[in-house]
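Numbering-wise, UniProt numbering puts 29 at position 29 of the sequence shown, and it's gapless, one number per residue.
I have placed the structure first, in the form of structure tokens, so that the comments after it can refer back to it.
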Amino acid sequence: MWYSDVIRMAADRRDEAHSRAINSVNVLDILAPKKKFKIPKVWEGKKWFSDEIRIAADRRDIAYSRALRTGLDQDWKYYRNERNIVVKLIRSKKKEYFENAIDLNKGEPTKMWKTLKEVINGEQGGAEDRECYDSIDFEILDDVKDCDTTDKFNEYYVKSIGNIVKSIDSKGLVVTDSKTNFVFECKETMDSFEPITVGDLERIVNGLPQKKGTEEGISSSILKMALVIKDEFAEVINDSLRTGICPDSWKTSTIVPIPKVKNPKKASEYRPINMLPIYKKVLELVVKNQLEAFLEKNNILTEHQSGFRKHHSCETAIQDIIEDWKMIIEEGKMVGVIFLDFKRAFETGRKKIYADDTTVYVEGESCEELECNMNEVFGAVEEW
């Protein structure tokens, strides 16, 4: 088979993957169309708001208008009764919402902490937050008055990386090549990824956490219900593993700015969160699982690595370094610790250094091409 034929087949697969995603969205729009309804401004951002509260609040407002109009004591008494009902209902719904959120996130510390902060500090992301976008100071940007907020954020995130790098004073710094290399000889080689079965795909999809996905409307819950297309989905995944080509539409992500502080005023006080299409997550998990299995099977990872490993965490990393400190202290020496927090570390860092220091060599065209194609996701950003 000629190389041009391989490229054409790969392009056909990319188009097929894109069309399947579009068709899924179209079917959803027919079977479960989105319904638009207007929430009163006062209730925006209130996750515990319900139709029951809306109906009770409407009755209260009608009673208040009647009492103002008539001035009768019995109408004021009726209004106060309806007002008390709304207050009790709101308290009940808020309590129910937060109790359910805490119960659902008992096994997920990150979400649990987010829920607890919401309980303590109140709900975030209401109408007031959206209104303040127009007054955000984008600091390093000039002549952006005619741009909308999405373009301003996009321009800021791109331009700020170069500004941070330029602001670093490298004069007087001495760069050394001293480092510790851990070399592991492995007789096995991973020259290709193994195709997955429909059963493998079902296990991965059913194990996905509850995520809403990107703006196209395909969430993890919908993907779990849409496993009627599991054979075709597995075929697209296997084609990507075999050719090393990731469908172009799967690389487009949505960047959502999340406030890092309360009442942010500057663009630097927002953290960009990358949201990938949920089916791209499935492909990533397939690759991740196979790479992890190979590394663990051949004992390639050093015992000092705790990040991105099963049964490892910050706790194992702390325990490891504390053991080193104890040995140093027993020798009568002192331990000095320096903590570094790099600003926009991944974007501003020299990626080649990271790659050289954390390299696992694999052979095979599919592995190399897949890595190249998946890295392009950093350049494919969609407006938030």
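C-beta: ideal position from N, C-alpha, C; glycine also.
Residues of its chain near Lys224, where Cβ-Cβ distance is below 8 Å and the 5 sequence neighbours each way are ignored
The residues are Val205, Asn206, Leu208.
DSSP state of Val335, grouped into three classes?
Correct three-state label for Val335: coil.
If we ignore side chains and look at the alpha-carbon of each, how far apart do Cys186 and Lys46 end up?
Cα to Cα, the separation comes out at about 55 Å.
Determine the direct distance from the alpha carbon of Lys310 to that of Trp325, and round the result to whole angstroms.
25 Å
Which class does Ser313 belong to by DSSP, given the choice of helix, strand or coil?
DSSP places Ser313 in coil when its eight states are reduced to three.
Meets three-Cβ-pair contact criterion under 8 Å: the region 84-103 and the region 43-62
yes
For Thr254 and Asn81, what's the separation of their Cα atoms in angstroms?
47 Å
Would you kindly work out how many angstroms separate the C-alpha atoms of Asn100 and Ser219, rounded to a whole number?
So the two alpha carbons sit approximately 21 Å from each other.
What residues are listed by DSSP as bridge partners for Pro277?
In DSSP, Pro277 forms no bridge with anything.
Per-residue burial, Arg60 [other beta carbons within 10 Å of its own, 16 or more giving buried]
buried
For my contact list, Val198 and Leu241 are in at a C-beta cut-off of 8 Å; report their separation, rounded to the angstrom.
Contact flag wrong, Cβ pair sits at about 15 Å.
Val261, enclosing beta strand (DSSP E) - first and last residue:
Run containing Val261: none; DSSP gives neither H nor E here.
Just to confirm before moving on: does the CB-CB distance between Leu283 and Ala234 stay below 9 Å?
no
Go to Ala63, then tell me how far its alpha helix (DSSP H) extends in each direction, as first and last residue.
51-70
Classify Ala293 as buried or exposed, calling it buried when 16 or more other Cβ atoms lie within 10 Å of its own Cβ.
exposed
Among all the DSSP beta bridges, which residues are the ones paired with Asp137?
Lys266
Whose CA, out of Glu323, Tyr279, Lys166, Pro272, lies closest to the CA of Ile222?
Tyr279
Since Tyr156 and Ala267 are thought to touch, with beta carbons under 8 Å apart, how far apart are those beta carbons, to the nearest angstrom?
5 Å
Is it the case that the Cβ atoms of Ile102 and Thr115 are separated by a distance below 9 Å?
yes
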